[in-house]
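Numbering (my numbering), first residue to last: 8 to 299. Note sheet for the following structure.
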Amino acid sequence: MLPLPPDSILFSIGPLAIRWYGLLYAVGLLVAYQFMVREAKRRKLNADLIANGLIIISIAALVGGRLYHVIDGWDRYSANLIGALIPPYEGLGAPGGLITGVIALAILLRRWRQSPWGWVDVAGPAILVMQAIARWGNWFNQELYGLPTDLPWGLAIDCAHRTVATSCSAIGEGARFHPLFLYESLSGFAGALVLPALGERLKKRVTPGLIGLSAIAWYAVTRLLLEGLRLENWKVGGVPTAYFVMGGILLVTLLIAAARVRSAMPATASKTARKPARSPARTTAKPKRRRI
Numbered sequence: 008m009l010p011l012p013p014d015s016i017l018f019s020i021g022p023l024a025i026r027w028y029g030l031l032y033a034v035g036l037l038v039a040y041q042f043m044v045r046e047a048k049r050r051k052l053n054a055d056l057i058a059n060g061l062i063i064i065s066i067a068a069l070v071g072g073r074l075y076h077v078i079d080g081w082d083r084y085s086a087n088l089i090g091a092l093i094p095p096y097e098g099l100g101a102p103g104g105l106i107t108g109v110i111a112l113a114i115l116l117r118r119w120r121q122s123p124w125g126w127v128d129v130a131g132p133a134i135l136v137m138q139a140i141a142r143w144g145n146w147f148n149q150e151l152y153g154l155p156t157d158l159p160w161g162l163a164i165d166c167a168h169r170t171v172a173t174s175c176s177a178i179g180e181g182a183r184f185h186p187l188f189l190y191e192s193l194s195g196f197a198g199a200l201v202l203p204a205l206g207e208r209l210k211k212r213v214t215p216g217l218i219g220l221s222a223i224a225w226y227a228v229t230r231l232l233l234e235g236l237r238l239e240n241w242k243v244g245g246v247p248t249a250y251f252v253m254g255g256i257l258l259v260t261l262l263i264a265a266a267r268v269r270s271a272m273p274a275t276a277s278k279t280a281r282k283p284a285r286s287p288a289r290t291t292a293k294p295k296r297r298r299i
């Protein structure tokens, strides 16, 4: 069983409160930065671009993530919308952050006149690393938990942080819940280990960009699998909105990956496949004259 976490505030300096949530996101960014620098150097890319680029992408992801989280929890935030959008934040929606972060990355690469696919391979697994570390901030905030469960790793949540449907008066104080943050964290670490290793093993056969696109697809599939366990998620027509958002991200990612594979196929191979084989020229042997 996962116990109740300590206080969500690590320490305070006057009115300034340093929270575990923000600290773990900062640690995740730092580890992702080191990961990207190492991968960029290995791929002979300009690693000096990463520091400034990561700051801009992080801000874009922060804005998108907070907007998604506020819309996701509209019933809680609509009464004080301005306050919900002003830092410090205690909740971010990863799908929104992923979308705005990718848009910011595309704009930067175009401005810097960099070929995008090598950088996609650098950034994709780094996103998984950052999310895997940052998700533990949800434990300290007692959020991102799912349906009640009797599994041995069930998560304890105190009464003050429960939803209406899972309140202590409704299902009891001793109820335990699926730790969705833990599932997502483990999936992120696994993807960050498996995909780069697979890319290195098959580097002569893997098209540039496929490792990064696979990382995005990995995350999308993880979210789709976990969405059915979430409580009080944002729904449209009775269907969780994340199914549409992450399903769309997965579909677009797979289409781009398919286009990358097709574009990397040798043009001569397709021409040869379409070109009919020439039949050998027929030669007619001249009859020999008989000598009399």
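C-beta: ideal position from N, C-alpha, C; glycine also. Note that the structure is predicted; figures quoted are calculated from it, not measured.
Alpha carbon of residue 226 to alpha carbon of residue 193, nearest angstrom: Taking the sequence shown and counting its residues from 1, the one referred to as residue 226 is at position 219. Taking the sequence shown and counting its residues from 1, the one referred to as residue 193 is at position 186. If you take the alpha carbons of residue 226 and residue 193, they lie about 11 Å apart.
field: Helix, strand or coil at residue 19 according to DSSP, with G and I counted as helix
entry: Counting from one through the sequence shown, the residue named residue 19 turns up at place 12. Note: residue 19 maps to strand in three-state DSSP.
query: DSSP on residue 212, reduced to helix/strand/coil?
result: Taking the sequence shown and counting its residues from 1, one reaches residue 212 at position 205. Coil at residue 212, not helix or strand.
field: Given residue 233 as reference, the closest of 245, 186, 201 once Cα atoms are compared
entry: What you label residue 233 is simply residue 226 of the sequence shown in a count that begins at 1. It is 186 whose Cα lies nearest to the Cα of residue 233.
- request: Pair every Cβ in the region 218–225 with every Cβ in the region 199–206, then say whether three or more of these pairs are closer than 8 Å.
  value: yes
message: Considering Cα atoms alone, identify which of 259, 216, 271, 163 is closest to residue 12.
response: Counted from its first residue, the sequence shown places residue 12 at position 5. Closest by alpha carbon: 163.
task: Keeping to the same chain, check which residues put their C-beta closer than 8 Å to that of residue 230; ignore five residues upstream and five downstream.
output: The count along the sequence shown starts at 1 and reaches residue 230 at position 223. For residue 230, where only same-chain residues beyond five positions count, the Cβ hits under 8 Å are 101, 102, 191, 249, 253.
task: Just tell me which of 27, 22, 58 has its CA closest to the CA of residue 37.
output: As a working mapping, residue 37 is identified with position 30 in the sequence shown. The shortest Cα separation from residue 37 among 27, 22, 58 belongs to 58.
message: Can you tell me whether residue 195 is helix, strand or coil according to DSSP?
response: As a first step, residue 195 must be located in the sequence shown, where it is residue number 188. Helix, per DSSP.
- prompt: So which of 16, 14, 35 has the shortest CA-CA distance to residue 199?
  reply: The residue given as residue 199 occupies position 192 in the sequence shown. Among 16, 14, 35, the Cα nearest to that of residue 199 is on 35.
query: Can you check whether the CB of residue 147 is closer than 8 Å to the CB of residue 15?
result: Position 8 of the sequence shown, counted from the first residue, corresponds to residue 15. Position 140 of the sequence shown, counted from the first residue, corresponds to residue 147. Yes, these two residues count as a Cβ contact at 8 Å.
task: In the DSSP assignment, find the alpha helix (DSSP H) that holds residue 141 and state where it starts and stops.
output: Within the sequence shown, numbered from 1, the residue matching residue 141 stands at position 134. Start and end: 123–141.
Nearest candidate by alpha-carbon position, reference residue 304, set 201, 87, 182, 177: The question about residue 304 has no answer here: the residues shown for the chain are numbered 8 through 299.
- prompt: Quick one: Cα of residue 149 to Cα of residue 17, how far?
  reply: Residue mapping note: residue 149 aligns to position 142 of the sequence shown, counting from 1. Residue mapping note: residue 17 aligns to position 10 of the sequence shown, counting from 1. C-alpha separation (whole angstroms): 14 Å.
Residues bridged to residue 184 (per DSSP): In the sequence shown, residue 184 corresponds to position 177, counting from 1. Residue 184 pairs with 155, 162.
query: Under a Cβ-count criterion, where at least 16 other Cβ atoms within 10 Å of its own Cβ denotes burial, should residue 126 be classed as buried or exposed?
result: Here residue 126 is taken as the residue at index 119 of the sequence shown, counted from 1. Buried.
- prompt: Of the residues 108, 53, 171, which one's Cα is nearest the Cα of residue 66?
  reply: In the sequence shown, residue 66 corresponds to position 59, counting from 1. Closest option to residue 66, Cα to Cα, is 108.
task: Can you tell me which of the three DSSP states residue 105 falls into?
output: Within the sequence shown, residue 105 is the residue found at index 98, counting from 1. Helix.
query: When burial is assigned at 16 or more other CB atoms within 10 Å of the CB, is residue 180 buried or exposed?
result: Residue 180 sits at position 173 when you count from the first residue of the sequence shown. Under this definition residue 180 is an exposed residue.
field: residue 27 - containing alpha helix (DSSP H), residue span
entry: Taking the sequence shown and counting its residues from 1, one reaches residue 27 at position 20. Residues 27–49.
task: Look up residue 203 in the DSSP assignment and say whether it is helix, strand or coil.
output: The sequence position of residue 203 within the sequence shown is 196, counting from 1. DSSP places residue 203 in helix when its eight states are reduced to three.
task: Could you tell me how far apart the beta carbons of residue 216 and residue 124 are, in whole angstroms, since I believe they sit closer than 8 Å?
output: Numbered from 1 along the sequence shown, position 209 holds the residue referred to as residue 216. Numbered from 1 along the sequence shown, position 117 holds the residue referred to as residue 124. At roughly 3 Å, the Cβ-Cβ gap stays under 8 Å, so residue 216 and residue 124 are in contact.
message: Three Cβ pairs or more, each shorter than 8 Å: is that satisfied between the region 26–34 and the region 137–146?
response: yes
task: Report the three-state DSSP secondary structure of residue 267 (helix, strand or coil).
output: The residue labelled residue 267 in the question sits at position 260 within the sequence shown. Of the three classes helix, strand and coil, the one that applies to residue 267 here is helix, per DSSP.
- prompt: Are the beta-carbon atoms belonging to residue 173 and residue 238 less than 8 Å from one another?
  reply: Walking along the sequence shown from the start, residue 173 turns up at place 166. Walking along the sequence shown from the start, residue 238 turns up at place 231. In this structure, residue 238 lies closer than 8 Å to residue 173 by Cβ.
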